[in-house]
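Asker: Protein chains in written order, with the numbering used here: chain A, 1 to 518; chain B, 1001 to 1134.
Glycine residues also receive a C-beta, built at the ideal position from the N, C-alpha and C atoms.
In this text the structure is predicted, and so the values were computed from the model without any measurement.
There's a structure below that I have some questions on.
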């Protein structure tokens, strides 16, 4: 091969090597920011509560938190953290830094009512466990050295402490220290080996600031959940699935806001249709200045499921607390008032997505307007609404107006207030005449196109099921009568908020995002 | 020797963080990761660009180390050899300078010491290279 050609080829190889090395480092260094719950591998499998905290201040979670704190008005949150420790009489570098090794946790193994006690410990993955132990000894010593299965642990003032690898374990009782040593020796199972814990951890905690796992069965099972009366009551109430199953909560920070999630491996049961992940089809009709937006789906199907599961209990409750003999009778009575067969006919209309939106033109509560938009069978809905609005024409005085080429029916209710409905591309729009008009005439980009809304949805770690969105800057102004100047820096920085219930990958979860703007 | 020292130095501690990060030892590798996490925030174009420049500059140390490993044995005539060598020398001087500004005259962290060693080794090898001009 000519020398010149070889030189070019070799240069190409060097560039390729640089690309591969650079790419590999960029990829792996980014992945390294995930928080590993190492403390869970020392916690006994039958822990009732496990609460872990991310202590890696250079992790993406803390980096985002510091940034968000600045947006909320803090001058220098990193230094404020350090100064806070200094003010409490601790030297950050000597007394705090040795304990910051990635994650720290508290667990409680079980609560006993008979002798009012609970077992548990604090487990801290340390940067420098030896130095951390010295800090403990300085503050809570002197130590009496003990030995269990070849591991040296120390009795101290009101507790026990042991170093296991990079972890420092502090407990108030000797049994708990021995339990942790058993787990570390492999003589007892760890929490991290429990499948429900693994499932919830993997679903929720790639990254987090705080993580809580609760197993009610482990925590209070012996004296409470095994009680046949309590168990029967929970089962009858339909809450057994969620109460008996482990649940977890996580709070974290993202580039534009804080997130929280609550999840359970319990089944969502009758409300599962409302929790299916989906995208809102109706948000495109909602005006962008809506301050509140709620969306759910399949109310009719959920109603049918609830009725098929719990009708006898509901009937019994209605019999006991009203003049009616059953729910059916109560619904028929309400239906007669509206000139329809049963109120259930209205519920059964809501087969698709149902949304409610509200906005406040003057920034005051008094100026509030709301609208309901729902995917319905237009013919059925039209017949039903006609029957309702023509029951007493002298009172309701229905009339039809043309708005943007569409028919809008305006009528009065029994108290004389005006309401209106119309059909927009087959969807029912119901509200006050001005709010329905607003939706029908809206030629501006809708809420779904609003950057603030999109930004909040993008931050959501899960799909959307049944959810509510709040435009916080508008909602907070309501409290101040629409005067932005009266809001604090933190209130002004709050942007959007979503709370969302969804069943995704077999885990029922409630998740929320609060976004913070610059 | 230059290449292995630079690569080892990249993965060993360069410095401790400031303020509440005082307990955290940053290596070249973790600095690239931290700069990446900072980039995930919604930064201005200038801030984002500055962070990219920092990340690439630090990555350059690892890449230059690998180039030295490939070129030093038999391909010193290739332009990549002095390019990567002088890059390491400049990076060493810059990092040691920053370290001295922060901590004064002190024993450098192991990663920085390796980087200094790589820089010095290259400069010595370059100065002492046999004269092939005639």
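Nearest chain B C-beta to residue 223 of chain A closer than 8 Å, yes or no?
Answerer: Low confidence applies here, because residue 223 of chain A scores a pLDDT of 47, under 50, leaving its location unreliable; read the following figure in that light. Judged by the 8 Å Cβ criterion, residue 223 of chain A is not in contact with chain B.
Asker: Could you say which of A:297, A:21, A:213 lies nearest to residue 263 of chain A if we only look at CA atoms?
Answerer: Relative to the Cα of residue 263 of chain A, the nearest Cα in the group A:297, A:21, A:213 belongs to A:213.
Asker: Exposed or buried, what is residue 443 of chain A when buried is set at 16 or more other beta-carbons lying within 10 Å of its beta-carbon?
Answerer: exposed
Asker: Kindly indicate the opening and closing residues of the alpha helix (DSSP H) around residue 1091 of chain B.
Answerer: 1080–1103
Asker: Would you call the region 1007–1021 of chain B and the region 269–278 of chain A touching, i.e. three or more CB-CB distances under 8 Å?
Answerer: No, the region 1007–1021 of chain B does not touch the region 269–278 of chain A.
Asker: Go ahead and pull the three-state DSSP assignment for residue 519 of chain A.
Answerer: Any answer about residue 519 of chain A is impossible in this case: the structure gives chain A only from 1 up to 518.
Asker: Which runs of the alpha helix (DSSP H) spanning at least 4 residues fall entirely within the region 366–409 of chain A, listed in chain order?
Answerer: Listed in chain order, the complete alpha helix (DSSP H) runs (minimum 4 residues) inside the region 366–409 of chain A are 378–389, 393–396.
Asker: Can you give me the start and stop residues for the beta strand (DSSP E) that residue 1015 of chain B sits inside?
Answerer: 1013–1016
Asker: Per DSSP, which residues does residue 154 of chain A bridge with? Please list them.
Answerer: Beta-bridge partners assigned by DSSP to residue 154 of chain A: A:145, A:161.
Asker: With distances taken between CB atoms, is the gap from residue 448 of chain A to residue 370 of chain A smaller than 8 Å?
Answerer: no
Asker: Could you give the residue range of the alpha helix (DSSP H) that holds residue 308 of chain A?
Answerer: Secondary structure note for residue 308 of chain A: its alpha helix (DSSP H) is the uninterrupted segment 299–321.
Asker: Leaving aside the five residues before and after residue 95 of chain A along the sequence, list all residues of the same chain whose C-beta is less than 8 Å from its C-beta, in chain order.
Answerer: Around residue 95 of chain A: 85, 135.
Asker: In the region 162–191 of chain A, which residues sit with their C-beta less than 9 Å from some C-beta in chain B, listed in chain order?
Answerer: Of all residues in the region 162–191 of chain A, none comes within less than 9 Å of chain B when Cβ atoms are compared.
Asker: For residue 279 of chain A, which of helix, strand or coil comes out of DSSP?
Answerer: Look at residue 279 of chain A here: in three-state DSSP terms it is coil, with no helix or strand label.
Asker: Checking 8 Å against the spacing of the C-beta atoms, do residue 43 of chain A and residue 107 of chain A come in under that value?
Answerer: yes
Asker: Could you tell me the alpha carbon to alpha carbon distance between residue 1045 of chain B and residue 68 of chain A, rounded to whole angstroms?
Answerer: Residue 1045 of chain B and residue 68 of chain A have their C-alpha atoms roughly 19 Å apart.
Asker: Relative to the C-alpha of residue 48 of chain A, which candidate in A:197, A:109, A:16 has its C-alpha closest?
Answerer: A:109
Asker: Bridge partners of residue 249 of chain A, per DSSP?
Answerer: A:212, A:262
Asker: Measuring only between beta-carbons, confirm whether residue 130 of chain A sits less than 8 Å from chain B.
Answerer: At a cut-off of 8 Å, the C-beta of residue 130 of chain A has no neighbouring C-beta in chain B.
Asker: When we look at the beta-carbon of residue 65 of chain A and count the other beta-carbons within 10 Å, is it buried (16 or more) or exposed?
Answerer: buried
Asker: Against chain A, which members of the region 1092–1111 of chain B pass a CB distance test of less than 8 Å?
Answerer: none
Asker: One question on the structure: do residue 318 of chain A and residue 330 of chain A come within less than 8 Å of each other, judged by their Cβ atoms?
Answerer: Cβ atoms of residue 318 of chain A and residue 330 of chain A: closer than 8 Å.
Asker: Helix or strand or just coil, what does DSSP make of residue 529 of chain A?
Answerer: Outside the shown range of chain A (1 to 518) lies residue 529 of chain A, about which nothing can therefore be said.
Asker: What distance in whole Å lies between the Cβ atoms of residue 453 of chain A and residue 295 of chain A, which are believed to be in contact at a cut-off of 8 Å?
Answerer: No, residue 295 of chain A and residue 453 of chain A are not in contact; Cβ-Cβ is about 12 Å, not under 8 Å.
Asker: Which residue wins for smallest C-alpha separation from residue 457 of chain A, given the options A:498, A:429, A:435?
Answerer: Taking only the C-alpha atoms, the option nearest residue 457 of chain A is A:498.
Asker: For residue 151 of chain A, collect the residues of the same chain with a Cβ closer than 6 Å to its Cβ; drop the 5 residues on either side in sequence, then sort them by chain order.
Answerer: 181
Asker: By the DSSP assignment, the beta strand (DSSP E) with residue 509 of chain A in it spans what residues?
Answerer: 507–516
Asker: Quick check on residue 298 of chain A: buried or exposed, where buried means 16 or more other Cβ atoms within 10 Å of its Cβ?
Answerer: buried
Asker: Please list, in chain order, all residues of the same chain as residue 271 of chain A whose beta carbon is under 6 Å from its beta carbon, the five residues on each side excluded.
Answerer: Taken in chain order, the residues that qualify are 302.
Asker: Looking at chain B, is there any beta carbon in it that lies within less than 8 Å of the beta carbon of residue 300 of chain A?
Answerer: no
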